[in-house]
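Asks:
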Amino acid sequence: MPSTTRSTFFTYPTKFGPVTIAADGTAVTAVSFGEQNLPGDRQPTALTTEAANQIMAYLAGQRSAFTVPMRPEGSAFQQEVWKAAANIPYGHTTTARALAETLGHPGSFRSVGAALRACPTPLLVPTHRIVTATGKPTDDINAALLKLEQQPLTR
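Numbering (the working numbering), first residue to last: 1052 to 1206.
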């Protein structure tokens, strides 16, 4: 159920460029690379700052998972796909076809791919770990994130 708390967002600098994080007061609702102008108030909050700190630690090779609460909005099918994507371990990849099979929807790999592209909280939900059928990342950011995950953590 969506929160009635006013939405806020803020853009934080990272080594991968700016990352904009939106929250509804109780959970992160969106993450995107780049400067974004989203609905709500442009101001940092404890929640967006904690999410940014966790993202920066991940990008520094010091963190492999996120604990900040998140609430990405989407259909029941999208939620199912995002939950499955969140279970792909750090440093591992799979394909949309394999993820569809895992979910019990073997013919729906295109729908799985569409759900992954629609995820409003990529990175927190590691959509970058789903690669093409030939094993290639789907874009340059995803390639950089997968390369980062091949390095040992520096905790």
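Just so you know, even glycine gets a beta-carbon here, dropped at the ideal spot from N, CA and C. Quick caveat, the model's predicted, so the values are computed rather than measured.
Beta-carbon of residue 1168 versus every beta-carbon of chain B: anything under 8 angstroms?
Replies: No chain B is present in this structure, which holds just one protein chain.
Asks: Start and end of the beta strand (DSSP E) containing residue 1059?
Replies: The sequence position of residue 1059 within the sequence shown is 8, counting from 1. Residue 1059 -> beta strand (DSSP E) spans 1059 to 1063.
Asks: To which residues of the same chain is residue 1138 closer than 7 angstroms at the C-beta, ignoring the five residues directly before and after it?
Replies: Here residue 1138 refers to the residue found at position 87 of the sequence shown. Excluding residues within five positions, none has a Cβ falling inside 7 angstroms.
Asks: Would DSSP call residue 1163 helix, strand or coil?
Replies: Mapped onto the sequence shown, residue 1163 falls at position 112. Note: residue 1163 maps to helix in three-state DSSP.
Asks: When you compare the region 1161 to 1175 with the region 1080 to 1091, are there three or more beta-carbon pairs, one atom per stretch, that lie closer than 8 angstroms?
Replies: The region 1161 to 1175 vs the region 1080 to 1091: in contact.
Asks: Mapping the DSSP letters down to three states, classify residue 1093 as helix, strand or coil.
Replies: Here residue 1093 corresponds to residue number 42 of the sequence shown, with the count starting at 1. In this structure, residue 1093 counts as strand in the three-state DSSP scheme.
Asks: Starting from residue 1083, follow its DSSP beta bridges and name the residues at the other end.
Replies: Stepping through the sequence shown from its first residue, residue 1083 is reached at position 32. Bridge partners of residue 1083: 1071.
Asks: Work out the CA separation of residue 1158 and residue 1110 for me, nearest whole Å.
Replies: Walking along the sequence shown from the start, residue 1110 turns up at place 59. Walking along the sequence shown from the start, residue 1158 turns up at place 107. C-alpha separation (whole angstroms): 34 angstroms.
Asks: In the DSSP assignment, find the unbroken alpha helix (DSSP H) run with residue 1128 in it and report its ends.
Replies: The count along the sequence shown starts at 1 and reaches residue 1128 at position 77. Residue 1128 -> alpha helix (DSSP H) spans 1127 to 1137.
Asks: From the DSSP secondary-structure annotation, give me the bridge partner or partners of residue 1181.
Replies: Here residue 1181 refers to the residue found at position 130 when the sequence shown is read from its first residue. For residue 1181, which the question treats as bridged, DSSP gives the partners 1145.
Asks: Along the alpha helix (DSSP H) that carries residue 1193, what are the first and last residues, could you check?
Replies: The residue given as residue 1193 occupies position 142 in the sequence shown. Segment 1191 to 1200, the alpha helix (DSSP H) holding residue 1193.
Asks: Sorted by chain position, which residues of the same chain lie with C-beta nearer than 8 angstroms to residue 1154's C-beta, five sequence neighbours on each side aside?
Replies: Within the sequence shown, numbered from 1, the residue matching residue 1154 stands at position 103. Cβ neighbours of residue 1154 beyond the five flanking positions: 1131, 1132, 1135 and 1163.
Asks: Whole angstroms are fine: how far does the CA of residue 1092 sit from the CA of residue 1246?
Replies: The question about residue 1246 has no answer, for the chain in this structure spans 1052 to 1206.
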